[in-house]
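According to the UniProt record's numbering, the sequence shown is numbered sequentially starting from 1. We put the CB at the ideal spot given by N, CA and C, even for glycine. For clarity, every value in this text was computed on a predicted model and none was experimentally measured. I have placed the structure first, in the form of structure tokens, so that the comments after it can refer back to it.
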Amino acid sequence: MTEPEPSSVAALSLAETATHPTSKAHEQEINPWDVQAATDEQGNILEFDYEAISKNWDTKLIDAALLERFERVTGHKPHRWLRRGLFFSHRDLHLILDTYERGEGFLLYTGRGPSSDSMHIGHTIPFEFTKWLQDVFDVPLVIMMTDDEKFLFKEKLKQPEVYHYARDNAKDIISMGFDVKKTFVYIDSEFFTSGFNRHFSLNTTEFEKLVTNNQVRGAFGFHGSTNIGSNAFAAKQCVAAFASSYPFIFGIDCKTYHRDAKLAAMPCLIPCAIDQDPYFRLVRENCSRMDQPSPKPALIHSKFLTALQGAGGKMSASNPNSAIFMSDTEKQIKNKINKHAFSGGQETLELHREKGGNPDIDVAYQYLTYFEDDDDKLVQFADAYRKGEMLTGDMKKECITMMMAYVKQFQEAREKVTDEVLEEFMRPRKLEWKGNQNPTMRLNNVEKGLGVAEIGLGKKEGGENIVLGPDGKPMTKNQAKKMAKLAEQERKKKEKAEASAAAKTS
Ligand code: TRP
């Protein structure tokens with residue numbers, strides 16, 4: 001048995017009922033099926049305390065040093081959602097950067113519990129971010145649509161109904177622009193009965209055997225009357241992080257009984273909202289106990305998006321005015337933002353001009369921070385707002401323009417996602433990707449004499465480190481040096497081009 005993750009045994013709820021009988025105060029509650037902000041004594045909803053969650057669950061906050069390394073290793077400026085802390089926390093992201101730096105592959109994995117609603121921006125942002133990661137790292141991606149999970153956890157849902165939602169939601173997700181060559185989307189109820197799921201199922205059963213009732217009760221707060229499907233479901237969401245569950249993606253036969261140990265050893269990166277973390281603590285605790293052990297999957301966690309009503313509010317399908325939905329018309333977007341977006345401005349025009357507004361709680365400004373890539377422009381808006389030069393109406397107008405463009409682009413893409421397109425994404429098949437074309441660390445390491453026997457690296461009979469070139473043949477020290485230099489030049493060129501492109505758009 002491996003060391004348990006420090007926080008995993010504790011129940012994931014941070015909530016504690018207030019002891020004072022008349023107080024309406026309660027702490028925030030975050031778990032995969034329920035997310036509630038804290039309230040104060042008067043029952044006012046407070047902002048989520050993300051640092052507290054990170055501390056409680058022992059995740060690492062994403063800091064400037066990690067982002068700097070991300071940029072150095074990938075040659076890409078970190079996405080604005082990383083720069084601005086929307087994706088704020090991680091587990092072992094640095095190990096994924098090491099993997100990439102060595103020129104080795106990893107699996108990218110995310111998912112969605114399908115629901116009836118047309119997706120809103122709170123749903124699309126994690127997928128847009130995942131697509132960006134896929135573009136940056138050029139790795140295979142699996143997207144799990146958990147219709148089984150939704151069915152098990154929602155009393156009233158029927159299986160055909162939730163399967164239908166899964167198809168619709170999958171089309172919405174595909175509209176974010178995923179590359180079909182590198183992406184496998186699957187709906188659980190369909191994939192698990194397809195005949196391509198043999199290794200997934202073997203992994204599931206093995207994992208189920210490793211996890212006790214007490215463990216899932218500890219992790220998820222289940223009790224004696226929880227249905228047995230819910231008790232078992234976590235194993236599926238967990239083994240979905242093992243590349244060995246999808247041999248066909250790697251061109252490996254999935255009909256044989258034996259799973260591929262090399263695939264099992266492949267690292268995985270999971271972008272998800274922080275409420276999904278309890279699932280992945282379970283896999284991180286148990287993955288090394290599999291017959292063919294897997295490394296602990298790395299995670300990158302997002303905050304929850306701000307509802308139109310402001311911090312602590314929830315975007316919800318049952319309240320159309322709580323969010324911008326991807327099916328909204330231009331008119332709806334305009335009305336929602338004008339009427340319902342919480343304003344950090346002053347009550348009257350005179351007061352606003354005199355005292356200025358507060359962009360930090362202004363929802364129109366917050367939404368601009370989600371979608372406006374230009375950091376300088378945002379600083380200008382915030383400054384002008386604080387000074388009272390920019391009015392609430394001005395801010396809302398900027399926001400409306402931005403949101404209309406985002407939704408329009410989505411709707412145009414969505415129209416093209418036919419049933420045939422969906423079927424192609426869901427067809428179990430070999431995927432194609434390139435990974436890191438310039439693995440500088442491997443080369444630099446050899447130069448420093450640090451090379452290790454990793455894929456692409458080898459040792460000569462005498463034990464001396466050698467490096468393999470792109471053709472798989474050993475390179476001389478000079479060739480390796482040259483490659484490293486070329487890679488560095490390439491990186492600098494890219495950096496320059498990006499800087500000048502960014503300068504042009506601002
Ligand atoms: N349980 C998730 C939900 O209800 C769906 C999911 C499955 C998922 N696998 C995932 C989400 C991996 C993020 C990452 O939405």
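Across the set A241, T418 and Y385, the C-alpha of A241 shows the shortest separation from the C-alpha of F106.
In the three-state DSSP reduction, V185 falls in the strand class (E or B). Residues F371 of the same chain have their beta carbon placed closer than 7 angstroms to that of Y406, with the five preceding and five following residues left out of the count. Here DSSP, grouped into helix, strand and coil, assigns G218 to helix. In this structure, DSSP gives D375 a helical state, which the three-state scheme calls helix. Across the set E41, K296 and T146, the C-alpha of T146 shows the shortest separation from the C-alpha of G229.
Contact between V283 and C238 holds: their C-beta atoms lie close to 4 angstroms from each other, under 8 angstroms. The beta carbon of F248 sits closer than 8 angstroms to the beta carbons of F196, C254, P428, R429 and K430 from its chain, once the five residues preceding and following it are set aside; these are given in chain order. Contact holds between the region 21–32 and the region 40–57, because three or more Cβ pairs, one in each stretch, are under 8 angstroms apart.
In this structure, the beta-carbon distance from T99 to P271 does not fall below 8 angstroms.
Take the alpha-carbon of H164 and the one of R353: they are about 51 angstroms apart.
Rounded to the nearest angstrom, the gap between the Cα atoms of A232 and L86 is 31 angstroms.
Each of D277, D275 and L152 was checked against the Cα of N227, and the nearest Cα belongs to L152. Distance from the C-beta of G111 to the nearest heavy atom of the ligand TRP is below 7 angstroms. With fewer than 16 neighbouring CB atoms inside 10 Å of its own CB, D360 falls in the exposed class.
Apart from the 5 residues on each side of it in sequence, S54 sits with its Cβ closer than 7 angstroms to the Cβ of L61 and S89 in its chain, given in chain order. At least one heavy atom of the ligand TRP falls within 7 angstroms of the beta-carbon of P32.
With respect to the C-alpha of L108, the residue from F129, S116 and I125 having the closest C-alpha is F129. Per DSSP, reduced to three states, the secondary structure at S322 is helical.
Segment contact: the region 382–399 against the region 316–327, fewer than three CB-CB distances shorter than 8 angstroms; contact not assigned. In the DSSP annotation of this structure, E104 is not part of any beta strand (DSSP E), being labelled neither H nor E. With fewer than 16 other CB atoms across the displayed protein chains lying within 10 angstroms of its CB, G251 is exposed.
Assigned with DSSP and collapsed to three states, L141 falls in strand.
The secondary-structure analysis by DSSP pairs H120 across a beta bridge with F325. Sixteen is the threshold: since fewer than 16 other Cβ atoms of the shown chains lie within 10 Å of the Cβ of L486, the residue is exposed.
By the 16-neighbour rule on beta-carbons within 10 angstroms, A503 is exposed.
In the DSSP annotation of this structure, E29 is not part of any alpha helix (DSSP H); the continuous beta strand (DSSP E) holding it starts and ends at E29 to N31. Annotated as proximal: T124 and M176, with beta-carbon spacing under 8 angstroms. I274 places its beta carbon less than 8 angstroms from that of S302.
Cβ atoms of K182 and L141 come within 8 angstroms of each other, at about 6 angstroms. If only complete runs of 4 or more residues are kept, the region 255–333 shows the alpha helix (DSSP H) at 261–264 and 277–286, in order along the chain. In the three-state DSSP reduction, F88 falls in the strand class (E or B). Residue state for V417 is assigned as coil, using DSSP reduced to three classes. DSSP assignment within the region 130–177 yields the following whole beta strand (DSSP E) runs of 3 residues or more, N-terminal first: 141–145. Non-local C-beta neighbours of N203 in its own chain, meaning closer than 8 angstroms and more than five positions away in sequence, comprise V239, F242, S244, S245, R259 and M290, ordered along the chain. For V180, no alpha helix (DSSP H) segment is defined, and its DSSP state is neither H nor E.
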